[in-house]
Amino acid sequence: MSKYKYLLFDIDDTLINFEKSFHNCAAKVLELGGCEITGRNVRRFKELNDIVWFSSGLEDIYEPYIKENYHRLYHKYVEDSLDKAINEFGLKGNYDDLMTCFNHSLGEEAHVNENAVKVLNILKDKYTLAVATNGLTIIQPYKLTKLPKVFDKIFISEEMNCMKPYPEYFKYITGYFNCQPEECLMIGDSLVNDIGGAGNSGIDSCYYNPGYLKKKAEIQPVYEIHDFVELLDIV
Numbered sequence: 004m005s006k007y008k009y010l011l012f013d014i015d016d017t018l019i020n021f022e023k024s025f026h027n028c029a030a031k032v033l034e035l036g037g038c039e040i041t042g043r044n045v046r047r048f049k050e051l052n053d054i055v056w057f058s059s060g061l062e063d064i065y066e067p068y069i070k071e072n073y074h075r076l077y078h079k080y081v082e083d084s085l086d087k088a089i090n091e092f093g094l095k096g097n098y099d100d101l102m103t104c105f106n107h108s109l110g111e112e113a114h115v116n117e118n119a120v121k122v123l124n125i126l127k128d129k130y131t132l133a134v135a136t137n138g139l140t141i142i143q144p145y146k147l148t149k150l151p152k153v154f155d156k157i158f159i160s161e162e163m164n165c166m167k168p169y170p171e172y173f174k175y176i177t178g179y180f181n182c183q184p185e186e187c188l189m190i191g192d193s194l195v196n197d198i199g200g201a202g203n204s205g206i207d208s209c210y211y212n213p214g215y216l217k218k219k220a221e222i223q224p225v226y227e228i229h230d231f232v233e234l235l236d237i238v
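Going left to right, the sequence shown walks through residues 4 to 238 as my numbering numbers them.
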């Protein structure tokens, strides 16, 4: 019998493929803005988004300034990403409509990990399932629309006013469920946010690593899987 009662799942690049989801989203925004949908334009939209993301500093989550201003900077990243696309492609139409399309399509056009869906449906009657994600309340819930309705709680960093990998994020979750850290398992793709954050909070972790990426020596998960179905062998 598994010692775990609560399974916590990251969203981006765990339950959904973010890059494929973003490509679908970009196509929707380009269409709304009156721009031709081509593979080249979609890829360029993603390139622009990546430029904005890396310049935002949001990956430097241990920097005090980033921690203090994380969600304000996240909103700015989303706005700047759309602004770059509008300027690059000459998108037409109402700005608010384009922004709504951008935010919602990131979820509504999500490319779901099909094996994750199968596994969630198997686990739903045996465990308490929850989502543990960093991000904005105007975006993250929409990313779950194509997934089965199996989650007892969705923990979004903006609503919690704290984020992974900080201990207060995971303490919020264990406090909500009134459970012990050792009863939880965090499943995610980020060594820093998911694996390191959980480990520093006394929570076991399962590293979802479909690309067989090399791990950092200082961050070691309790488990590692390369396909979601392997999770069934753990729990």
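Beta carbons are placed, not taken as given, at the ideal position from N, Cα and C, and that holds for glycine.
#1: Name the DSSP beta bridge partners of VAL153, please?
#2: Express the C-alpha separation of GLU91 and GLN136 in angstroms, rounding to a whole number.
#3: Is any beta-carbon of chain C found at less than 9 Å from that of ASN106?
#4: Between ILE64 and MET189, how many whole angstroms is the CB-CB distance? I'm expecting something under 8 Å.
#5: Using the DSSP secondary-structure output, state which residues sit across from ALA133 in a beta bridge.
#6: Do GLN143 and ILE125 have their CB atoms nearer than 9 Å?
#7: Smallest Cα separation from LEU61: which of THR148, ILE228, VAL195 and ILE176?
#8: What does DSSP give as the partner residue(s) for HIS114 in the beta ladder?
#9: Using the rule of at least 16 other Cβ atoms within 10 Å of the residue's Cβ for burial, across every protein chain shown, is TYR215 buried or exposed?
#10: Can you grab the Cα-Cα spacing for the pair GLY200 / LYS127, in whole Å?
#11: Using only CA atoms, which one of CYS38, ASN212 and GLU66 lies nearest to GLY93?
#12: To the nearest angstrom, how far is it from the Cα of LYS129 to the Cα of PHE173?
#13: If ASN44 sits next to ASN116, beta carbons under 8 Å apart, how far is it from one beta carbon to the other, in whole angstroms?
#14: Can you tell me where the alpha helix (DSSP H) with LEU76 in it begins and where it stops?
#15: Pull up the DSSP beta-bridge partners for CYS209, would you.
#16: From GLU71, PRO170, ASP155 and ASN27, pick the residue whose C-alpha is nearest to that of GLY202; which is it?
#17: Thinking just about the alpha-carbon of each residue, which of ASN27, HIS74 and ASP236 is nearest to the one in LEU109?
#18: In three-state terms, what does DSSP make of ASN164?
#19: Buried or exposed for ILE40, going by 16 or more other Cβ atoms inside 10 Å?
#20: For ILE54, does the three-state DSSP call read helix, strand or coil?
#21: With a cut-off of 8 Å on the beta carbons, I'd call SER84 and LEU51 a contact; round off their distance for me.
#22: Could you give the C-beta distance for LYS152 and ALA113, rounded to a whole number, given that I count them as a contact under 8 Å?
#23: Distance, Cα to Cα, ALA119 vs LYS79?
#24: Just curious, the alpha helix (DSSP H) that ASN241 is in, first and last residue?
#25: Using beta-carbon positions only, say whether VAL225 and SER204 come within less than 9 Å of one another.
Reading it off the structure:
#1: Partner(s): none; VAL153 has no beta bridge.
#2: The residue asked about is misnamed: residue 136 is Thr in this sequence, not Gln. So the alpha carbons of these two residues sit roughly 30 Å apart.
#3: Considering every chain present, this structure includes no chain C. It has just one protein chain.
#4: Not quite, the Cβ-Cβ distance comes to about 16 Å (not below 8 Å), so this is no contact.
#5: LEU11 and LYS156
#6: no
#7: VAL195
#8: ASN20
#9: exposed
#10: 24 Å
#11: CYS38
#12: 22 Å
#13: About 26 Å separates the two Cβ atoms, so there is no contact after all.
#14: 67-92
#15: ILE190 and TYR226
#16: PRO170
#17: ASN27
#18: coil
#19: exposed
#20: helix
#21: 7 Å
#22: Contact flag wrong, Cβ pair sits at about 15 Å.
#23: 31 Å
#24: There is simply no residue 241 to check, as the chain begins at 4 and stops at 238 in what is shown.
#25: no
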